[in-house]
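Protein chains in written order, with our numbering: chain H, 85 to 258; chain D, 85 to 258. Let me begin by presenting the structure, written as structure tokens, before commenting on it.
Protein chains: 2
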Amino acid sequence: MVTPTSLLNLDRQLCFALYSSSLAMTKAYKPLLAELGITYPQYLVMLALWQHSPLGVGELGARLNLDSGTLTPLAKRLQVMGLIDRNRCEHDERNVEISLTAAGKLLQARAEPLPLCILQLTGLQIPQLESLTSQLKTLRDELVANTQTRATAANHSVSPNPNPTPTAEHTPGN
Amino acid sequence: MVTPTSLLNLDRQLCFALYSSSLAMTKAYKPLLAELGITYPQYLVMLALWQHSPLGVGELGARLNLDSGTLTPLAKRLQVMGLIDRNRCEHDERNVEISLTAAGKLLQARAEPLPLCILQLTGLQIPQLESLTSQLKTLRDELVANTQTRATAANHSVSPNPNPTPTAEHTPGN
DNA sequence: CACAATTTAATTGTCAACAATATAATTGGC
DNA sequence: GCCAATTATATTGTTGACAATTAAATTGTG
């Protein structure tokens, strides 16, 4: 069975282009991060902490768009490696503050060259890189705003998806 | 500790924009795919099979950039759901042919509206969508070409990464 | 103060992604 | 034909992502 052209064609899907390029990026980082002894998601957590430390689990999750089910075990591994500390906040024992250790701070210096290493692997020039990054951030924010979350309480945003673009409910396939 | 500007700034990273937008896309698809009873990676496999069935595990992996360690259990779940069949090839018993069942083919009709549903959630117009998709495919292919794989045998491509762009091996941070 | 509602993390279970390894079939010298 | 190398898939173990649930602390209202 061969279906050459359809809106469901794999190579036309933005979703698959996103998915496969994101995985490809992870694989590109892997050998570089292996020298630092961390994985790609762990690197993202370190990026957030290098920018601001300490951060609560919730605040970290808000910046990375990840929940505690992902961050808690991930942070425990970073703690075992000695890169971060995890402590209950004194004034509100519900909060867990995640902070860089001295070793965690020192790792930043070794990570500094990474963005330029990766830039070379992308084949992009700086303006293209910034343009693509900007487009993706816009896309992400739009998707987050228009996707109803499974949160228990009310969404404090205006509305999940009232009717963002009243265009083509259905159009003839190309 | 606050570090306002650095090349390591989280929100400047293409890698994080990719990562977070890809996860956001997965979450956007989730409630729609739940009605079809499949997950997002399962949907990608079905997309590939709707385009061409049967496909060997290896060929499927080549199209999706996934290996057998991911695809084998995923395909088994689709088989249990009755959407695909898995059979050893007669002429080469090493190959496993994955083919759509009648139910798998029927599911395509219910998936047809999805791309347009998602398009609305993205807030993009068609030209922007196609441009972004194209940029991401180019990026993915460049990253794959420049990332040395852990394959046992020799890489049959020219070379992992001889010296694609001999620019800035290191530059002063901004 | 008491207590229900809320907030915050952690836990549990399922599905994924992948390195490393194992298993089985095939191919190519000899 | 025999056997080493190769090819193709499956298995195992680790890390991640997330829904659903649990546990604990805090807040607000009476």
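Every residue gets a Cβ at the ideal spot worked out from N, C-alpha and C, and that includes glycine. Bear in mind the structure is a predicted one, so any value in this text is a computation, not a measurement.
Could you check whether P197 (chain D) and Q97 (chain H) sit closer than 8 Å to each other, using their CB atoms as the reference points? Taking the first sequence and counting its residues from 1, the one referred to as residue 97 (chain H) is at position 13. Taking the second sequence and counting its residues from 1, the one referred to as residue 197 (chain D) is at position 113. No. Outside cutoff.
Restricting to runs no shorter than 4 residues, where is the alpha helix (DSSP H) found entirely within the stretch 149-236 of chain H? Counting only runs of 4 or more, we get 152-164, 186-195, 198-206, 210-230.
Do three or more CB pairs link the stretch 120-129 of chain D to the stretch 169-189 of chain H at distances below 8 Å? Verdict: no, contact absent.
Can you tell me the Cα-Cα spacing of L203 (chain D) and N93 (chain D), whole angstroms? Sequence index remark: in the second sequence, residue 203 (chain D) carries index 119 (1-based). Sequence index remark: in the second sequence, residue 93 (chain D) carries index 9 (1-based). Distance between the alpha carbons of L203 (chain D) and N93 (chain D) is about 30 Å.
Could you compute how far the alpha carbon of L190 (chain H) sits from the alpha carbon of I210 (chain D)? On the first sequence, residue 190 (chain H) is found 106 positions in, with the first residue counted as 1. On the second sequence, residue 210 (chain D) is found 126 positions in, with the first residue counted as 1. The straight-line gap from Cα to Cα measures roughly 46 Å.
Closest by CA to M165 (chain H), which one among H:L155, H:S183, H:R178, H:A187? Position 81 of the first sequence, counting from 1, holds the residue named residue 165 (chain H). Taking only the C-alpha atoms, the option nearest M165 (chain H) is H:A187.
Among D:T154, D:K114, D:G140, D:Y113, nearest to L107 (chain H) - alpha-carbon criterion: Within the first sequence, residue 107 (chain H) is the residue found at index 23, counting from 1. Checked all of D:T154, D:K114, D:G140, D:Y113; the closest Cα to L107 (chain H) is D:T154.
Flag A159 (chain H) as yes if its beta-carbon sits less than 8 Å from any beta-carbon of chain D, otherwise no. The residue given as residue 159 (chain H) occupies position 75 in the first sequence. Chain D contact via Cβ: absent.
Would you mind reading off the limits of the alpha helix (DSSP H) that contains Q135 (chain D)? Counting from one through the second sequence, the residue named residue 135 (chain D) turns up at place 51. Where Q135 (chain D) is concerned, the enclosing alpha helix (DSSP H) stretches over 124-135.
Can you have a look at M109 (chain D) and say buried or exposed, based on whether 16 or more other CB atoms are within 10 angstroms of its CB? Sequence index remark: in the second sequence, residue 109 (chain D) carries index 25 (1-based). Classification for M109 (chain D): buried.
For S106 (chain D), the first and last residue of its enclosing alpha helix (DSSP H): In the second sequence, residue 106 (chain D) corresponds to position 22, counting from 1. Taken as a continuous stretch (DSSP letters only), the alpha helix (DSSP H) holding S106 (chain D) covers 98-118.
Under the three-state reduction of DSSP, which class applies to V142 (chain H): helix, strand or coil? For the purposes of this step, residue 142 (chain H) is identified with residue 58 of the first sequence, where counting begins at 1. Reading off the sequence shown, one finds Gly at residue 142 (chain H), where the question assumed Val. It is helical.
How many angstroms separate the CA atom of K160 (chain H) from the CA atom of K160 (chain D)? Indexing the first sequence from 1 puts residue 160 (chain H) at position 76. Indexing the second sequence from 1 puts residue 160 (chain D) at position 76. Computed Cα separation, rounded: 33 Å.
Please list the partners that R147 (chain D) has in chain H, where partner means a Cβ-to-Cβ separation under 7 Å. If you number the second sequence from 1, residue 147 (chain D) lands on position 63. Correct list: L94.
Let me know if V141 (chain H) comes out buried or exposed under the rule of 16 or more other beta-carbons within 10 Å of its beta-carbon. As a working note, residue 141 (chain H) is residue 57 in the first sequence. Within 10 angstroms of the beta-carbon of V141 (chain H) lie 16 or more other beta-carbons, which makes it buried.
Is the distance from the Cβ of S137 (chain D) to the Cβ of L184 (chain D) below 8 Å? Residue numbering aside, residue 137 (chain D) sits at position 53 when the second sequence is read from its first letter. Residue numbering aside, residue 184 (chain D) sits at position 100 when the second sequence is read from its first letter. Contact: yes.
So, are the CB atoms of A101 (chain H) and L116 (chain D) less than 8 Å apart? The residue you call residue 101 (chain H) lines up with position 17 of the first sequence. The residue you call residue 116 (chain D) lines up with position 32 of the second sequence. No, the Cβ-Cβ distance between A101 (chain H) and L116 (chain D) is not below 8 Å.
Using a Cβ-Cβ distance under 8 Å, would H136 (chain H) count as near chain D? Position 52 of the first sequence, counted from the start, is the residue given in the question as residue 136 (chain H). So, interface residue.
Contact list for A112 (chain D) against chain H, beta-carbon separation under 9 Å: Position 28 of the second sequence, counting from 1, holds the residue named residue 112 (chain D). Those within 9 Å of A112 (chain D) in chain H are C99, L227, V228, N230, T231.
With distances taken from CA atoms, which of D:L91, D:Y124, D:L162 is nearest Y103 (chain H)? Looking up residue 103 (chain H) in the first sequence gives position 19. It is D:Y124 whose Cα lies nearest to the Cα of Y103 (chain H).
Cβ of T123 (chain D) less than 8 Å from any chain H Cβ? Taking the second sequence and counting its residues from 1, one reaches residue 123 (chain D) at position 39. No, its Cβ sits nowhere closer than 8 Å to a Cβ of chain H.
Could you tell me the alpha carbon to alpha carbon distance between P246 (chain D) and K111 (chain H), rounded to whole angstroms? Numbered from 1 along the second sequence, position 162 holds the residue referred to as residue 246 (chain D). Numbered from 1 along the first sequence, position 27 holds the residue referred to as residue 111 (chain H). Its pLDDT being 42, under 50, P246 (chain D) is placed unreliably by the model, and the measurement read from it follows with that caveat. Cα-Cα distance, rounded: 18 Å.
Using a Cβ-Cβ distance cut-off of 8 Å, determine whether A108 (chain D) contacts chain H. Residue mapping note: residue 108 (chain D) aligns to position 24 of the second sequence, counting from 1. Answer yes: the Cβ-Cβ gap between A108 (chain D) and chain H drops below 8 Å somewhere.
Cβ-Cβ distance between R194 (chain D) and I182 (chain D) below 8 Å: As a first step, residue 194 (chain D) is located in the second sequence; it is residue number 110 there, counting from the start. As a first step, residue 182 (chain D) is located in the second sequence; it is residue number 98 there, counting from the start. Result no, Cβ atoms of R194 (chain D) and I182 (chain D) do not sit closer than 8 Å.
Pair within 8 Å by beta-carbon distance, L227 (chain H) and L205 (chain D): Sequence index remark: in the first sequence, residue 227 (chain H) carries index 143 (1-based). Sequence index remark: in the second sequence, residue 205 (chain D) carries index 121 (1-based). It is a contact, given that the beta carbons lie within the stated cut-off.
Under 8 Å from the C-beta of V259 (chain D): neighbouring residues of chain H: Past the edges of chain D, shown from 85 to 258, lies residue 259 (chain D), and the structure says nothing about it.
Neighbourhood of L120 (chain D) by C-beta, 7 Å cutoff - its chain only, sequence neighbours within 5 removed: Counting from 1 along the second sequence, the entry for residue 120 (chain D) is found at position 36. Closer than 7 Å at Cβ, skipping near neighbours: L191, R194, A195.
Using a beta-carbon distance below 8 Å, is T236 (chain D) in contact with chain H? Locating residue 236 (chain D) in the second sequence gives position 152, counting from the first residue. Reliability of the predicted coordinates at T236 (chain D) is poor, the pLDDT of 44 falling under 50, and no value is obtained from them.
For the ligand ATP, is there any heavy atom lying closer than 7 Å to the beta carbon of Q219 (chain D)? Among the components modelled here there is no ligand, and therefore nothing to report on the ligand ATP.
Taking the alpha-carbon of I122 (chain H) as reference, which of H:L223, H:Q232, H:L158, H:L150 has the nearest alpha-carbon? Numbered from its first residue, the first sequence carries residue 122 (chain H) at position 38. That would be H:L158, whose Cα lies nearest to the Cα of I122 (chain H).
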